[in-house]
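Below is one structure, written out as structure tokens; the observations come after it.
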Amino acid sequence: MAKKKFIVGSFTDEAVLFPAVKKVRRAGYKLHDVFTPFPIHGLDKEMGLRDTSLHTAGFIYGITGTTTAVSFITWALTIDWAINFGGKPYFALPAWIPVTFELTVLFAAVGMVLTFCWLCQLAPFVKKEHFNPRSTDDTFVMALECTGSTNEAEAQQFLQSIGATDVKVETRETGWWLGSYANDKMRFEKN
Amino acid sequence: MAIRSTFTVPKRFQTISMALMAFGLLSIIGLWVTSGSSDDPKEQARFWASLLQNSVFFLLVVNASMFFICITTLAWGGWQMAFRRVPEAISAVVPVIGVICGAILLAIVFGDNHTIYHWTDAEHVMHDPILSHKKGFLNKPFFAIATIITIVGWSLLGYKMRQLSRKLDNEPLATLEDRKKYIFNNTVWAALFIVLFSLTVMSSIPWLWLMSIDAHWYSTMYSWYTFASTFVSGIALIALFVIFLKNNDYLEYVNNEHLHDLGKFMFAFSVFWTYLWFSQFMLIWYANIPEETIYFQPRAHGIYKGIFWLMFIINFIAPLLILMTRSAKRNYGTVALMAVLIIFGHWLDFYQMVFPAVSPNKVPNIIYDLGIALGFVGLIMYATARALTKAPLLARNHPFVKESLIHHT
Chain V
373 MAKKKFIVGS FTDEAVLFPA VKKVRRAGYK LHDVFTPFPI HGLDKEMGLR
423 DTSLHTAGFI YGITGTTTAV SFITWALTID WAINFGGKPY FALPAWIPVT
473 FELTVLFAAV GMVLTFCWLC QLAPFVKKEH FNPRSTDDTF VMALECTGST
523 NEAEAQQFLQ SIGATDVKVE TRETGWWLGS YANDKMRFEK N
Chain S
38 MAIRSTFTVP KRFQTISMAL MAFGLLSIIG LWVTSGSSDD PKEQARFWAS
88 LLQNSVFFLL VVNASMFFIC ITTLAWGGWQ MAFRRVPEAI SAVVPVIGVI
138 CGAILLAIVF GDNHTIYHWT DAEHVMHDPI LSHKKGFLNK PFFAIATIIT
188 IVGWSLLGYK MRQLSRKLDN EPLATLEDRK KYIFNNTVWA ALFIVLFSLT
238 VMSSIPWLWL MSIDAHWYST MYSWYTFAST FVSGIALIAL FVIFLKNNDY
288 LEYVNNEHLH DLGKFMFAFS VFWTYLWFSQ FMLIWYANIP EETIYFQPRA
338 HGIYKGIFWL MFIINFIAPL LILMTRSAKR NYGTVALMAV LIIFGHWLDF
388 YQMVFPAVSP NKVPNIIYDL GIALGFVGLI MYATARALTK APLLARNHPF
438 VKESLIHHT
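Structure follows, in structure tokens:
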């Protein structure tokens, strides 16, 4: 796993955070992410994030569910084991719609939950590492990624100048979740 | 550009609506000459059935606007405040079409048009065990009283809701207590409307006006299904007027966030309509009892097959696939196109509710019906535009208005 350096600053006020995000992007720094205790309307636009493609994935899962249901029931009830139910045709599509619908919903729901976990790198027993644990409580935390051309001291200075407190440089392993798991330290333990 | 708070009807809009109304009137006259004046009761029925289908459909569609206002009021929703004057103006058309529709219905019932409403034929009912069981519900006095109470009730309660909204334009509410009281007052009247609405559109009125054309047949889902049909068309109508006003530089506070929500309503209720449509169909299909399947025989398998499946594609497949993405619901062009398509699709839905029973052996020439429909469209355009001019386009003193201005989905 590659190691990367991040410059991390904390904000305590949304009114400071929003202009800060704008200034960071205008100054040309690489904004890694902003961690907030709660969802903030409009922050995604300010950060220039693209729309999520989770719903496209959901649509594909749904279509998969529809196809699975229809093709399986068709195969089972017309080819493999054709049974005459009350004089209905073997290919009794209206009767299968409820099952098809349920399978569509099931595939879409389960698939989207798993995809969401994958995208956020969430899994049972995986401990996520925070740049600053207070980002789950009352602090907005902004992380800039250091590229080859980033001057760390200057970037730290810049973050402070736009209202960040507690600015520091941190190194993190990037990549899949096992990487951050190996690196984790219990917050309450003495270092 | 300065903010334009009151609507003035553009000349071209006025001309088009007048032309459409004239066209509708011509269609009615044409249909009267070809069918209505004939001695054959079947041909007469074809004339009256066309009027019945169009007037009932458009009455229920404009009334859906008031239902939209009342549910958002009851739910304490604020997002629709930026364009609330639009559904208000549309619902002001209810009394106008209500009078037309009521006159047509009563004319059919008391004109003894047995081909449309079999149950008006006393001689026939006596020898028909099924219809004589239904005599308590399907009889002339009950029909007349229910129709009149319904239309008058919708008009009066709708008028009250509009008055409550307009009252604030001149006298803003000073204190928090006043505002709470105002919201409570609104809630009470909206709740009354909803009660009347649920007793009429959602349960009894479609049975009486439309389902009793197939007097032997019944479906308890029928009213819900009719309601879903007209509600989604009503939302489409609101969306069309909002887009029209937006294109003419009005409603400066409405943006694509509001459009997105209207699009969601159109999408969701298209799916809801399909759910009810299918539930009604599947139970009958599965049970396969002759007296129930007789309803779907001419529609799904007989000569009305084309209209039946076309309507299914327009009302379900098209909104499902086209309105599914977020960007489509935020696009004025797509929403306008889908709104027109949805209204047309549900008009076809009403067409296949009415005509297979009235004219079982041949599909009537749909051109006349489309002409009459355009006449009603012209009437709605004309009357709504007139109602829009009477009040400012933003209900600026309503306590929830700010919620709508900063609305964000």
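Listed in order, the protein sequences are those of chains V and S.
Numbering-wise (my numbering), the first sequence opens with residue 373 and increments by one.
Numbering-wise (my numbering), the second sequence opens with residue 38 and increments by one.
Note that beta-carbon positions come from the ideal geometry of N, C-alpha and C, so glycine has one too.
Taking the straight line between their C-alpha atoms, what separation do you get for residue i and residue j?
i: Ile134 (chain S); j: Trp116 (chain S); result: 29 Å
i: Leu68 (chain S); j: Lys177 (chain S); result: 26 Å
i: Ile417 (chain S); j: Tyr196 (chain S); result: 17 Å
i: Arg363 (chain S); j: Ala112 (chain S); result: 24 Å
i: Leu389 (chain V); j: Phe512 (chain V); result: 8 Å
i: Phe353 (chain S); j: Arg49 (chain S); result: 34 Å
i: Ser443 (chain V); j: Ser307 (chain S); result: 26 Å
i: Thr446 (chain V); j: Asp452 (chain V); result: 9 Å
i: Trp490 (chain V); j: Met390 (chain S); result: 49 Å
i: Lys376 (chain V); j: Val123 (chain S); result: 55 Å
i: Met319 (chain S); j: Met258 (chain S); result: 12 Å
i: Thr384 (chain V); j: Ile188 (chain S); result: 58 Å
i: Leu486 (chain V); j: Asp509 (chain V); result: 26 Å
i: Val162 (chain S); j: His444 (chain S); result: 57 Å
i: Ala536 (chain V); j: Thr267 (chain S); result: 55 Å
i: Ile356 (chain S); j: Phe304 (chain S); result: Residue identity differs from the one stated: residue 356 (chain S) is Pro in this sequence, not Ile. Their Cα atoms are separated by approximately 6 Å.
i: Ile455 (chain V); j: Ala448 (chain V); result: 10 Å
i: Trp346 (chain S); j: Ala337 (chain S); result: 8 Å
i: Pro470 (chain V); j: Phe84 (chain S); result: 40 Å
i: Lys172 (chain S); j: Trp191 (chain S); result: 26 Å
i: Tyr287 (chain S); j: Lys540 (chain V); result: 51 Å
i: Gly370 (chain S); j: Gln529 (chain V); result: 48 Å
i: Leu442 (chain S); j: Glu294 (chain S); result: 10 Å
i: Tyr534 (chain V); j: Asp405 (chain V); result: The question names Tyr, but residue 534 (chain V) in the sequence shown is Ile. Ile534 (chain V) and Asp405 (chain V): Cα-Cα distance of roughly 17 Å.
i: Arg398 (chain V); j: Phe378 (chain V); result: 18 Å
i: Phe407 (chain V); j: Glu526 (chain V); result: 22 Å
i: Tyr154 (chain S); j: Leu175 (chain S); result: 9 Å
i: Val438 (chain S); j: Phe120 (chain S); result: 10 Å
i: Tyr553 (chain V); j: Lys417 (chain V); result: Reliability of the predicted coordinates at Tyr553 (chain V) is poor, the pLDDT of 46 falling under 50, and the value obtained from them is presented with this limitation in mind. Taking the straight line joining both Cα atoms gives about 31 Å.
Name the chain V residues whose beta carbon is nearer than 9 Å to that of residue i?
i: Met319 (chain S); result: Pro466, Ala467, Ile469 and Pro470
i: His164 (chain S); result: Simply none; closest approach about 33 Å.
i: His445 (chain S); result: His413 and Gly414
Thinking residue i and residue j are a contact (beta carbons under 8 Å), I'd like their distance in whole angstroms, please.
i: Val395 (chain S); j: Ala144 (chain S); result: Not really, about 15 Å apart at Cβ, beyond 8 Å.
i: Arg367 (chain S); j: Leu296 (chain S); result: 6 Å
i: Glu440 (chain S); j: Met118 (chain S); result: 7 Å
i: Ile141 (chain S); j: Leu89 (chain S); result: 6 Å
i: Leu407 (chain S); j: Met348 (chain S); result: Not confirmed; about 14 Å, so no contact.
i: Leu57 (chain S); j: Val414 (chain S); result: 6 Å
i: Ile167 (chain S); j: His253 (chain S); result: 5 Å
i: Phe381 (chain S); j: Ile351 (chain S); result: 7 Å
i: Leu426 (chain V); j: Met484 (chain V); result: 6 Å
i: Met514 (chain V); j: Ala392 (chain V); result: 7 Å
i: Pro428 (chain S); j: Asp215 (chain S); result: The sequence given here has Ala at residue 428 (chain S), not Pro. Contact flag wrong, Cβ pair sits at about 21 Å.
i: Ala410 (chain S); j: Ser54 (chain S); result: About 14 Å separates the two Cβ atoms, so there is no contact after all.
i: Thr426 (chain S); j: Phe44 (chain S); result: 5 Å
Does any residue of chain S have a CB that is nearer than 9 Å to the CB of residue i?
i: Phe431 (chain V); result: yes
i: Gly458 (chain V); result: yes
i: Asp510 (chain V); result: no
i: Asp423 (chain V); result: yes
i: Thr522 (chain V); result: no
i: Phe427 (chain V); result: Sequence check: residue 427 (chain V) is His here, not Phe. It does: the Cβ of His427 (chain V) has a partner Cβ on chain S nearer than 9 Å.
For chain V, find out if any of its Cβ atoms is closer than 9 Å to the Cβ of residue i; answer yes or no.
i: Met239 (chain S); result: no
i: Tyr323 (chain S); result: yes
i: Thr362 (chain S); result: yes
Quick one: list the residues of chain V neighbouring residue i, beta-carbon separation under 7 Å, in chain order.
i: Trp310 (chain S); result: Going along chain V, no residue has its Cβ under 7 Å from Trp310 (chain S), so there is no contact; the nearest lies around 15 Å.
i: Phe315 (chain S); result: Ile469
Got a sec: does the ligand SAM put a non-hydrogen atom nearer than 8 Å to the Cβ of residue i?
i: His502 (chain V); result: The ligand SAM is not part of this structure, which contains no ligands at all.
Report yes or no: do three or more beta-carbon pairs, one from the stretch 195-204 of chain S and one from the stretch 157-164 of chain S, lie closer than 8 Å?
-> The stretch 195-204 of chain S makes no contact with the stretch 157-164 of chain S, as fewer than three CB pairs between them are under 8 Å.
Pairing CB atoms from the stretch 75-82 of chain S with CB atoms from the stretch 431-444 of chain S, are three or more of them under 8 Å?
-> With contact defined as three or more Cβ pairs closer than 8 Å, the stretch 75-82 of chain S and the stretch 431-444 of chain S are not in contact.
Using 8 Å as the threshold, is the stretch 277-292 of chain S in touch with the stretch 321-333 of chain S, meaning 3 or more CB pairs across them?
-> With a cut-off of 8 Å on Cβ pairs, the stretch 277-292 of chain S is not in contact with the stretch 321-333 of chain S, counting fewer than three such pairs.
Flag this pair as touching only if the stretch 419-435 of chain V and the stretch 455-471 of chain V have three or more C-beta atom pairs under 8 Å; answer yes or no.
-> Segments in contact, no.
The stretch 53-64 of chain S / the stretch 116-129 of chain S touching (three or more Cβ pairs under 8 Å) | No, because fewer than three Cβ pairs between the stretch 53-64 of chain S and the stretch 116-129 of chain S fall closer than 8 Å, the two stretches do not touch.
With contact counted as at least three CB pairs below 8 Å, one residue from each stretch, are the stretch 473-484 of chain V and the stretch 434-441 of chain V in contact?
-> The stretch 473-484 of chain V vs the stretch 434-441 of chain V: in contact.
Counting Cβ pairs, one atom from each stretch, are 3 or more of them under 8 Å apart for the stretch 88-107 of chain S and the stretch 253-272 of chain S?
-> The stretch 88-107 of chain S, when compared against the stretch 253-272 of chain S, does touch it at the 8 Å Cβ threshold.
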